[in-house]
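Student: For reference, the structure I am asking about is given below.
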Amino acid sequence: MTLSPWASAAEIARAVGAKEIAAAAVTEAALATIARRNPTLNAFTDVTAARARTQAAKVDSALAAGAAPGPLAGVPFAVKNLFDVAGLPTRAGSLINRERAPATADATLIARLEAAGAVLLGALNMGEYAYDFTGENVHDGASRNPHDLSRMTGGSSGGSGGAVAGGLVPLALGSDTNGSIRVPAAFCGLFGLKPTYGRLSRAGSFPFVASLDHLGPLARSTADLALAYDAMQGFDPADPVCRDRPAEPTLAGLRRGATGLRVAVLGGYFARGAVPQALEAVRACAEALGASDIVEIPEAARARAAAFVITASEGAALHLDRLRARPEDFDPAVRDRLLAGALIPAAYVARAQKFRRWYAAELKKLFERFDVLLAPATPIAAPRLGQQTFLLDGIEVPLRPNIGIYTQPISFVGLPVVAVPVATPEKLPLAVQVIAAPWREDFSLRVAAALEQAGVAHAPRPHLED
Amino acid sequence: MLARRLQALPPIVPARALVVWCARTELGVLMAAGVEDGGLDHLVAAATLLGLQIRPEWQDGVRANLRVALTLGAQVAAFPLPDEAEPAPVFAA
Numbered sequence: 298m299t300l301s302p303w304a305s306a307a308e309i310a311r312a313v314g315a316k317e318i319a320a321a322a323v324t325e326a327a328l329a330t331i332a333r334r335n336p337t338l339n340a341f342t343d344v345t346a347a348r349a350r351t352q353a354a355k356v357d358s359a360l361a362a363g364a365a366p367g368p369l370a371g372v373p374f375a376v377k378n379l380f381d382v383a384g385l386p387t388r389a390g391s392l393i394n395r396e397r398a399p400a401t402a403d404a405t406l407i408a409r410l411e412a413a414g415a416v417l418l419g420a421l422n423m424g425e426y427a428y429d430f431t432g433e434n435v436h437d438g439a440s441r442n443p444h445d446l447s448r449m450t451g452g453s454s455g456g457s458g459g460a461v462a463g464g465l466v467p468l469a470l471g472s473d474t475n476g477s478i479r480v481p482a483a484f485c486g487l488f489g490l491k492p493t494y495g496r497l498s499r500a501g502s503f504p505f506v507a508s509l510d511h512l513g514p515l516a517r518s519t520a521d522l523a524l525a526y527d528a529m530q531g532f533d534p535a536d537p538v539c540r541d542r543p544a545e546p547t548l549a550g551l552r553r554g555a556t557g558l559r560v561a562v563l564g565g566y567f568a569r570g571a572v573p574q575a576l577e578a579v580r581a582c583a584e585a586l587g588a589s590d591i592v593e594i595p596e597a598a599r600a601r602a603a604a605f606v607i608t609a610s611e612g613a614a615l616h617l618d619r620l621r622a623r624p625e626d627f628d629p630a631v632r633d634r635l636l637a638g639a640l641i642p643a644a645y646v647a648r649a650q651k652f653r654r655w656y657a658a659e660l661k662k663l664f665e666r667f668d669v670l671l672a673p674a675t676p677i678a679a680p681r682l683g684q685q686t687f688l689l690d691g692i693e694v695p696l697r698p699n700i701g702i703y704t705q706p707i708s709f710v711g712l713p714v715v716a717v718p719v720a721t722p723e724k725l726p727l728a729v730q731v732i733a734a735p736w737r738e739d740f741s742l743r744v745a746a747a748l749e750q751a752g753v754a755h756a757p758r759p760h761l762e763d
Numbered sequence: 003m004l005a006r007r008l009q010a011l012p013p014i015v016p017a018r019a020l021v022v023w024c025a026r027t028e029l030g031v032l033m034a035a036g037v038e039d040g041g042l043d044h045l046v047a048a049a050t051l052l053g054l055q056i057r058p059e060w061q062d063g064v065r066a067n068l069r070v071a072l073t074l075g076a077q078v079a080a081f082p083l084p085d086e087a088e089p090a091p092v093f094a095a
C-alpha cells in the first residue's frame, strides 16, 4: 500500500495501526516529499531524518510485538523552530539563538505526540523571535505560500503553514501570541487551533510574550486537529501557566457538529476594513450554521491596542540583553520594533493589563448568550513577498502591524479559536475564526467540523510541480 | 502624562486629536504620523539609560514604531477604569 502526500493524519494512523503500511514507509515517503518540495517552499530549516527513521522503526516494532497502536501511529509531523528538539539549537527564527548549545530534551508537546506514535521530521521556518505576521525571515529566507510561491505564508508560524499546505507533513505545531497560528492558517488555507491560554504546555519552547503565548496545531482537517490536540492535553508542572485540568478529549464529539450550539457573528470592529471576500467567508459560514445574530465585542479596537502595547513592551524586556549586546544581528524589522518597545512608558503597559481584566469580563457576559462567535481571521488574503503596505478601510497602512487586527482582540484574553479555511472565488484562501468561551475548544472544533461537513470549509490543495 | 506633554508641544496633529481619531476609526489604523518628532526625542534619548544604542540609520524605523506604540498606548490609557480595577498580567481563564 502507498499513501498520497495528501493523506490525513487520521488516514495514516489507521493504515499504520492496521499494519497496511509500515511507519517506516510513511516516513521515507514524507522525507522524499520534503526533499522534492522544500527547496521551493523553504518550510523546513532542519530535517531530522535519522531521528525520524529511529522513531518509525520503534512504532513498527511495537506494533509487531502486539502493542496497541497510538492514535497518531506513524503520523509525520514537524514543529516551528522555537520548540526544543533534542540535538538542535532552538533558533526561534534568529541568528543569535542558533549559536546556543543544542537542546538536551524535547519540548513537552513533541514528547506527547511521539508518545501517541507520531514521528518528528524536523523543525520549521518562522519569523524572527515570533514577532511577525508575514513568514519572512532575513536569516533563513521567506517561507513560501504553496498556493502562490510569490506570496507570504503568513507568520510567525510560516513554515508550519507552508509544510502542511504543501503536503510535506499532515500536521505541524506552531505558536500563537497575537495570531501566529491563525494568520498562516488563513493565508495557506488550513485548519489551525489556538487553544485556551494555559491549556497546552509551553515547556521547552522559546517564549515571546509570556502572558500571551500559546502553542497549538495546524492541519488539513478538523479531525486531524482534534487528534493532535487530544494527544497533547494534560497538566505539565514544567509550565507554570499550564492549568491543572483533566484532559477533555474532543475527537469523538466532532460528529455532534453544531447541534445545540448558539452561534453569532461578530459585527462592528470585526465587520469593517476587511476585503469583501473575507467578510463573505464569514457570511457563508454563518449561513451554513443558520446563525443570524450579530453581536459586538465592546472596545475591541482598544483590546487590540492593549495587546500591541503589552507585546512590544514584554517582548523588548525579554530581548533586552540581546538588544544591548548584538543589535546588528537581529532582523532589522524586528529590531526596530523591539527597540521601540523598550521605550514605551510603563504606565501604558500597566493600564493595558488593567484594561485586560475589564475586557475579559465583558466577553464573559457575551458567552452567557452565545457559545460560538464568528469573525474573519485576517483582513486580506496572502500578500506578496516583500509587500510593505495594504489598504485597510481605504487607507494605506503598514502591513506587518496590521495583519493581526482581528486575531489580537481574541488571543488578548486567551479564548480558544479554530481558524477554518474557506475557499474564495480567487486563487487564494482565507479563514474564519470560530471563537468559544475559555476551555470550550470542543465547541470551536465541533463548529469547524460542521462547516467542513457542509462543504463550506476545506483545505484547498495547491498545484505544485514536483 | 506623556500625552499631556505631547499636547504641550507645537504639534502637527495634537495628541488628543490623534487619540480621538484612532478611537473613532476603531480599527486603530496605524499611521506613522501624529506624534511629533520633538515629543519622541526624550524617549529615544532614554534608550541610553537602558544601555541600548540606536544608530542613526535605525532612528527612522524605531521612531516610526514608537509613534505607533505611543498612539495605541494613549488609546488604552484614555479608557476610564476605577482605581480598584485589578490588572491581569497573567490571564487566568
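Going down the list, the sequences are from chains S and W.
Residue 298 is where the first sequence starts when you use my numbering, and the numbers rise one by one after that.
Residue 3 is where the second sequence starts when you use my numbering, and the numbers rise one by one after that.
Backbone N, C-alpha and C fix where the C-beta goes; we use that ideal spot for every residue, glycine too.
As the structure is a computational prediction, the values presented were derived from the model and not from experiment.
Cα-Cα, which of P759/S, S589/S, Q750/S is closest to S518/S?
Tutor: Q750/S
Student: What distance in whole Å lies between the Cβ atoms of L487/S and P718/S, which are believed to be in contact at a cut-off of 8 Å?
Tutor: The Cβ separation is near 6 Å, so the contact holds.
Student: With K355/S as the anchor, note down where its alpha helix (DSSP H) starts and where it stops.
Tutor: 346-361
Student: Determine the chain S residues that contact G40/W at a beta-carbon separation under 7 Å, and present them in chain order.
Tutor: Here the premise fails: no neighbours, minimum Cβ distance about 15 Å.
Student: Quick one: is W655/S buried, meaning 16 or more other Cβ sit within 10 Å of its Cβ, or exposed?
Tutor: buried
Student: Per DSSP, which residues does F374/S bridge with? Please list them.
Tutor: L417/S, L468/S
Student: Output, in chain order, the set of chain W residues within a Cβ distance shorter than 7 Å of Q685/S.
Tutor: None at all; the shortest Cβ gap to chain W is about 12 Å.
Student: Counting only the same chain and skipping the five closest in sequence on each side, list residues whose C-beta sits under 7 Å from that of V710/S.
Tutor: Here the set comprises R653, Y656, A657, L660.
Student: Rounded to a whole number of angstroms, what is the C-alpha to C-alpha distance between G570/S and R479/S?
Tutor: 18 Å
Student: I need the straight-line Cα distance from A347/S to R559/S, nearest angstrom please.
Tutor: 48 Å
Student: I want to verify the contact list: residues of chain W whose CB lies under 9 Å from the CB of G638/S, in sequence order.
Tutor: N67, L68, A71
Student: How far does the alpha helix (DSSP H) with P336/S in it reach, from first residue to last?
Tutor: First-last of the alpha helix (DSSP H) with P336/S: 320-338.
Student: Would V744/S pass as a contact of E425/S if the rule is Cβ separation under 7 Å?
Tutor: no
Student: Would you say I641/S faces chain W, with C-beta separation under 7 Å as the test?
Tutor: yes
Student: Looking at V356/S and A370/S, is the spacing between their C-beta atoms short of 7 Å?
Tutor: yes
Student: Report yes if the CB atom of L586/S is closer than 7 Å to the CB atom of A561/S, and no otherwise.
Tutor: no
Student: At the level of alpha carbons, what is the spacing between R621/S and A568/S?
Tutor: 42 Å
Student: At which residues does the alpha helix (DSSP H) containing T608/S begin and terminate?
Tutor: 597-615
Student: Buried or exposed, going by whether 16 or more other CB atoms sit within 10 Å of the CB of P84/W?
Tutor: exposed
Student: Among P543/S, D739/S, V461/S, E625/S, whose alpha-carbon lies nearest the alpha-carbon of D552/S?
Tutor: In the sequence as presented, Asp is not what sits at residue 552/S; that position holds Arg. For the residues P543/S, D739/S, V461/S, E625/S, the minimum Cα distance to R552/S belongs to D739/S.
Student: Using a Cβ cut-off of 7 Å, pull out every chain W residue sitting near E433/S, in sequence order please.
Tutor: Going along chain W, no residue has its Cβ under 7 Å from E433/S, so there is no contact; the nearest lies around 16 Å.
Student: Could you give the DSSP three-state label for E425/S: helix, strand or coil?
Tutor: helix
Student: Taking the alpha carbon of D668/S as the point to measure from, which residue in V714/S, L421/S, G691/S, N475/S has its own alpha carbon closest?
Tutor: Of the candidates V714/S, L421/S, G691/S, N475/S, V714/S places its Cα closest to the Cα of D668/S.
Student: According to the Cβ coordinates, are Q705/S and A716/S closer than 7 Å?
Tutor: no
Student: Buried or exposed, going by whether 16 or more other CB atoms sit within 10 Å of the CB of E584/S?
Tutor: Around the beta carbon of E584/S, a 10 Å sphere encloses fewer than 16 other beta carbons of the protein chains shown; the residue is thus reported as exposed.
Student: Rounded to the nearest angstrom, what separates N67/W and A613/S at their Cα positions?
Tutor: 13 Å
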